[in-house]
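Inspection log for the structure reproduced underneath, given as structure tokens.
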Amino acid sequence: MTGRAAVLAGLGVYAPPKVVTNDDLAADLDTSDEWITTRTGIRERRVADADLATTDLATEAGARALKSAGVDQVDAVLLGTTTPDRICPASAPEVATRLGLTHAAACDVSAACTSFVYGLANGTGLIAAGIAERVLVIGAETIFRFMDPQDRTTSVLFGDGAGAAVLRAGRPDEPGALGPFDLGSDGSLADMLAVDAGGSRLWGPDIPREAHFLRMDGREVYRHAVQRMVASSQQVLDRLGWGIEDVDRLVGHQANARILEAVGQRLGVPAERCHINVGRYGNTSAASIPLALGDAELAAGQRVLLTAFGAGFTWGSTALVWPHIDVI
Ligand code: COA
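Per numbering that gives the first Met the number 0, the very first residue in the sequence shown carries number 0; after that it's consecutive.
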């Protein structure tokens with residue numbers, strides 16, 4: 000490989016301190032710890048207090064990533080989120096300003112649970128094109144509050160959190176170089192996982208209460224998530240010329256332990272190489288991949304495959320050889 004690559008230079012993670020267990024949810028909802036853990040692997044999730052918004056979590060994770068990379072300026076901030084503070088303006092400029100990034104371009108990346116991988120791809124593009132030398136890519140969500148507390152089919156699945164990566168310009172053959180990327184979407188299935196209110200299609204004072212919450216066809220989402228993450232991962236492996244035995248760690252979007260196990264099995268990645276932390280955080284959407292990278296205890300030199308799937312539908316995968324970095 001020749002040319003200019005984006006290289007992972009730092010990683011920071013942040014989850015709000017408040018823990019909500021399955022038993023806590025079961026106190027007000029017709030569900031149980033047994034049902035949730037058996038069907039999803041989720042045991043608890045972090046939930047941001049009402050006075051915290053997505054930019055608060057994103058700023059904390061971003062500060063940690065900058066520290067991890069040992070830099071205090073970047074040329075662009077890409078904030079992957081499904082739950083921006085406001086529909087207008089984007090949340091990324093506020094995060095950039097709060098981080099003291101005075102010369103950074105800043106915008107949000109909206110691809111639901113795939114947003115962080117899309118952010119990495121966009122950051123890679125800015126660097127490869129010579130538009131930026133350093134990019135801060137963040138995935139952050141306060142998504143728990145978008146669940147209808149009366150809907151047991153969604154409210155047990157999601158949690159809040161944030162993670163961020165600093166990318167720098169480098170060579171494609173050095174550890175930390177990202178790529179290739181496989182990205183895709185299928186908008187014909189948009190209705191299967193959606194928050195209907197608040198956009199231009201459904202806006203105003205007379206919107207039904209439920210329209211403000213996330214609704215989902217869980218079974219269909221499950222099926223497509225497995226299929227897409229497997230096919231997308233395989234694309235990246237084929238383009239790299241890696242066999243399955245070359246994958247030291249598979250870090251997939253943490254929606255459900257059973258989805259991740261199925262993806263690993265279909266690809267042929269042994270279970271001990273598939274990192275699963277959904278039990279601690281639930282599905283944190285755009286934050287899930289960086290949060291998982293944060294506690295996967297990756298060693299320098301390990302070959303890591305990333306894959307994600309989300310509403311839209313959207314999906315994306317990439318790979319890297321893990322660099323020498325300290326996760327903060
Ligand atoms: N507690 C107890 N029972 C519940 C429940 C809960 N939290 N949620 C649903 N149920 C019930 C259903 O009402 C249903 O009851 P019924 O048979 O009497 O109708 C039963 O459990 C089975 O529901 P079903 O939806 O078939 O369960 P499932 O095994 O498909 O698991 C999900 C449901 C949501 C866990 C699963 O479909 C899933 O993980 N989907 C993907 C979700 C996801 O990851 N989305 C984000 C992707 S980015």
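By construction, the Cβ of each residue, glycine as well, lies at the ideal position given by its N, Cα and C atoms.
When the distance is taken between beta carbons, is residue j closer than 7 angstroms to residue i?
i: G11; j: A163; result: yes
i: A75; j: A104; result: yes
i: G122; j: L166; result: yes
i: T153; j: M191; result: no
i: A285; j: G99; result: no
i: V250; j: A295; result: yes
i: H252; j: S199; result: no
i: S184; j: S316; result: no
i: L156; j: N276; result: no
i: P174; j: V320; result: yes
i: G158; j: Y13; result: no
i: D245; j: R302; result: yes
i: A176; j: V6; result: yes
i: A95; j: E132; result: no
i: G293; j: V326; result: yes
i: I243; j: G263; result: no
i: A339; j: P15; result: Nothing about residue 339 can be read from this structure; the chain reaches only from 0 to 327.
Quick one: Cα of residue i to Cα of residue j, how far?
i: P204; j: D27; result: 28 angstroms
i: R170; j: R3; result: 5 angstroms
i: D107; j: T81; result: 9 angstroms
i: Y117; j: G124; result: 10 angstroms
i: T113; j: D29; result: 30 angstroms
i: R45; j: I258; result: 21 angstroms
i: E33; j: E260; result: 19 angstroms
i: A254; j: I41; result: 9 angstroms
i: I206; j: F145; result: 15 angstroms
i: A57; j: A161; result: 6 angstroms
i: G197; j: G300; result: 45 angstroms
i: P289; j: T141; result: 15 angstroms
i: A128; j: A25; result: 51 angstroms
i: L22; j: W241; result: Reading off the sequence, residue 22 comes out as Asp, not Leu. Going by the C-alpha atoms only, they are around 43 angstroms apart.
i: R85; j: T53; result: 10 angstroms
i: W202; j: R248; result: 43 angstroms
i: V73; j: S67; result: 13 angstroms
i: V229; j: L297; result: 22 angstroms
i: F143; j: I324; result: 31 angstroms
i: S90; j: D55; result: 10 angstroms
i: A8; j: A189; result: 35 angstroms
i: Q226; j: A49; result: 36 angstroms
i: H223; j: R38; result: 17 angstroms
i: G61; j: H211; result: 28 angstroms
i: G186; j: G309; result: 11 angstroms
i: V134; j: I126; result: 8 angstroms
i: A193; j: A256; result: 22 angstroms
Is residue i close to ligand 1? I mean its beta-carbon at under 6 angstroms from any heavy atom of the ligand.
i: N330; result: Because the chain is modelled from 0 through 327, residue 330 falls outside the range shown and cannot be assessed.
i: G309; result: yes
i: R133; result: no
i: W314; result: no
i: I214; result: Note that residue 214 corresponds to Arg in the displayed sequence, not to Ile. Every heavy atom of ligand 1 is 6 angstroms or more from the Cβ of R214, so no.
i: R222; result: no
i: T152; result: yes
i: T81; result: no
i: W34; result: yes
i: C273; result: no
i: R38; result: yes
i: T30; result: yes
i: G217; result: yes
i: C87; result: no
i: V194; result: no
i: V344; result: Past the edges of the chain, shown from 0 to 327, lies residue 344, and the structure says nothing about it.
i: V155; result: yes
Relative to ligand 2, is the shortest distance from any of its heavy atoms to the C-beta of residue i smaller than 6 angstroms?
i: C112; result: Among the ligands modelled here, namely ligand 1, ligand 2 does not occur.
Start-end ranges of the beta strand (DSSP E) lying completely within the stretch 206-252, minimum 3 residues: 213-215, 248-251
Any beta strand (DSSP E) of 3 or more consecutive residues that is wholly inside the stretch 84-122: 104-108
Beta strand (DSSP E) runs contained entirely in the stretch 131-218, provided each spans 3 or more residues: 133-140, 160-169, 181-184, 192-194, 213-215
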